Amino acid sequence: KTLLFFGAGNILSRTHTTSLDALGGLGRHMPLTALLFLVGTAAICALPPLNGFVSELLIYLGMFEGIAADNTPLASAAGLAALALIGGVVLLAFTKLYGTVFLGSPRSHEVAEASEVGNVRIAAMAIPLAGILFVGLFPRAATGIAVRSADFFIHTPADAASWLLSPSLTTVGRTAWLLLLVVALLVWLRSRILRTRKVAQGPTWGCGFTSVNVRMQYTGESFSEGLQSIATPLTQNSGEGSPVGKGEIFPASHSFDVGHRDRIGRLFSMWWVELLRRINARVMRLRTGKINHYVLFALAFLALIFILSILNLL
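Position one of the sequence shown corresponds to residue 1 (the UniProt record's numbering), numbered consecutively onward.
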């Protein structure tokens with residue numbers, strides 16, 4: 001997450017926008033940020049050979065141990081199903097994020113004029129990258145550090161925990177190194193083959209349509225349309241705009257806006273948001289804009305602290 005936050009900061013500093021639909025094509029303008037952001041995306045999606053895979057593997061192993069045990073098989077099975085569902089949604093969400101931001105064509109002038117950040121910011125992203133690779137490539141050593149840290153709080157025998165996890169983690173570490181070597185070999189072969197060949201570049205074939213523009217590409221909304229159709233009972237969708245008439249052979253300019261509201265989230269947050277709104281409305285009455293009132297508030301606070309100190313309530 002730290003790596004992704006750093007990457008988001010780099011994008012914001014160069015494009016000055018947080019709208020996904022205004023971004024696109026940043027992989028050509030900010031290649032180092034795009035590469036490091038890709039590693040962070042793969043890690044948070046729990047893909048090998050990175051730290052997210054090791055973390056979820058340990059959770060899955062715990063779930064399977066719970067299913068095999070006689071005390072909590074149903075709870076472990078439910079947790080396993082929920083974790084698998086969450087993993088699929090996370091994979092879709094971050095694929096949408098990376099594709100919309102770094103692939104395709106720039107959707108605004110600010111994005112088209114963006115440039116790579118300085119070496120200091122790239123170095124800041126490299127620090128969490130080192131942690132990601134360390135946990136992914138040396139899971140046994142990283143887990144040993146975590147177990148010894150946990151032993152300080154919960155007094156779990158560190159040697160016993162490491163002994164139980166060591167066979168699986170050793171296999172994961174060896175597989176991660178093998179996968180990394182295969183990827184490095186494929187990258188080397190690709191660069192060697194393309195070195196002697198001329199690579200032609202051109203626009204994507206548009207089925208004969210010649211007036212292609214940057215709006216004719218996938219957006220975050222269109223990419224996740226399939227998942228939204230499945231989650232329709234859980235969301236409140238709204239659309240506003242002027243539709244294209246049947247008689248418009250050459251349609252004029254039209255606008256369309258789509259909005260979504262999480263019904264489950266509103267169900268749990270509605271009551272305390274309304275409570276905070278009422279409290280804030282009462283507190284706002286104290287903002288009179290007069291200095292003498294603010295000085296009085298400070299004196300009242302000091303008097304309250306003095307009284308509480310005398311009564312030994314602090």
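Ideal placement from N, C-alpha and C gives every residue a C-beta, glycine not left out. Since the model is a prediction, treat every value here as computed from it, not as a measurement.
Secondary structure at residue i, three-state DSSP: helix, strand or coil?
i: serine 105; result: coil
i: valine 111; result: helix
i: histidine 293; result: helix
i: isoleucine 249; result: coil
i: tyrosine 218; result: coil
i: serine 242; result: coil
i: proline 48; result: coil
i: phenylalanine 76; result: Reading off the sequence, residue 76 comes out as serine, not phenylalanine. In the structure shown, serine 76 sits in a helix (DSSP, three-state: H, G or I).
i: methionine 63; result: helix
i: threonine 210; result: coil
i: serine 19; result: coil
i: leucine 169; result: helix
i: glutamate 274; result: helix
i: glutamate 116; result: coil
i: glycine 24; result: coil
i: histidine 29; result: helix
i: valine 135; result: helix
i: glycine 144; result: helix
i: serine 224; result: coil
i: leucine 313; result: coil
i: tryptophan 205; result: coil
i: arginine 282; result: helix
i: threonine 196; result: coil
i: lysine 1; result: coil
i: alanine 81; result: helix
i: alanine 69; result: coil
Cα separation between residue i and residue j?
i: leucine 12; j: threonine 18; result: 7 Å
i: phenylalanine 301; j: tryptophan 272; result: 27 Å
i: leucine 32; j: leucine 313; result: 56 Å
i: glycine 87; j: phenylalanine 94; result: 11 Å
i: aspartate 262; j: valine 182; result: 42 Å
i: residue 325; j: leucine 103; result: Within the shown structure, residues of the chain are numbered from 1 to 314, placing residue 325 beyond reach of any answer.
i: valine 283; j: proline 128; result: 42 Å
i: valine 244; j: alanine 43; result: 43 Å
i: serine 255; j: glutamine 228; result: 21 Å
i: threonine 72; j: phenylalanine 297; result: 56 Å
i: alanine 46; j: tryptophan 205; result: 34 Å
i: histidine 16; j: threonine 100; result: 16 Å
i: arginine 28; j: valine 111; result: 11 Å
i: methionine 125; j: threonine 232; result: 37 Å
i: alanine 184; j: arginine 192; result: 12 Å
i: glycine 247; j: glutamate 240; result: 21 Å
i: serine 242; j: leucine 189; result: 52 Å
i: threonine 288; j: alanine 84; result: 54 Å
i: aspartate 257; j: alanine 34; result: 29 Å
i: isoleucine 59; j: asparagine 213; result: 46 Å
i: alanine 281; j: serine 211; result: 53 Å
i: glutamate 56; j: serine 108; result: 38 Å
i: glutamate 274; j: isoleucine 264; result: 16 Å
i: leucine 304; j: isoleucine 310; result: 10 Å
Would you list the residues sitting across from residue i in a DSSP beta bridge?
i: histidine 260; result: Asn237
Please classify residue i as buried or exposed, where buried requires at least 16 other C-beta atoms within 10 Å of its C-beta.
i: phenylalanine 37; result: buried
i: cysteine 207; result: exposed
i: valine 135; result: buried
i: glycine 226; result: exposed
i: methionine 216; result: exposed
i: asparagine 10; result: buried
i: proline 203; result: exposed
i: glutamate 194; result: The amino acid occupying residue 194 in the given sequence is leucine; glutamate does not appear at that position. Exposed.
i: arginine 277; result: exposed
i: proline 106; result: buried
i: glycine 173; result: buried
i: tyrosine 98; result: buried
i: threonine 41; result: buried
i: alanine 75; result: exposed
i: alanine 176; result: buried
i: proline 167; result: exposed
i: arginine 197; result: exposed
i: leucine 3; result: buried
i: leucine 186; result: exposed
i: methionine 270; result: exposed
i: arginine 14; result: buried
Would the beta-carbon of residue i be found less than 7 Å away from any heavy atom of the ligand GDP?
i: leucine 227; result: The ligand GDP is not among the ligands present in this structure, which contains no ligands whatsoever.
Would you call the segment 135 to 144 and the segment 47 to 62 touching, i.e. three or more CB-CB distances under 8 Å?
yes
Evaluate the contact criterion for the segment 61 to 70 versus the segment 137 to 150: three or more CB pairs, one atom per stretch, below 8 Å.
no
Counting Cβ pairs, one atom from each stretch, are 3 or more of them under 8 Å apart for the segment 116 to 131 and the segment 247 to 258?
no
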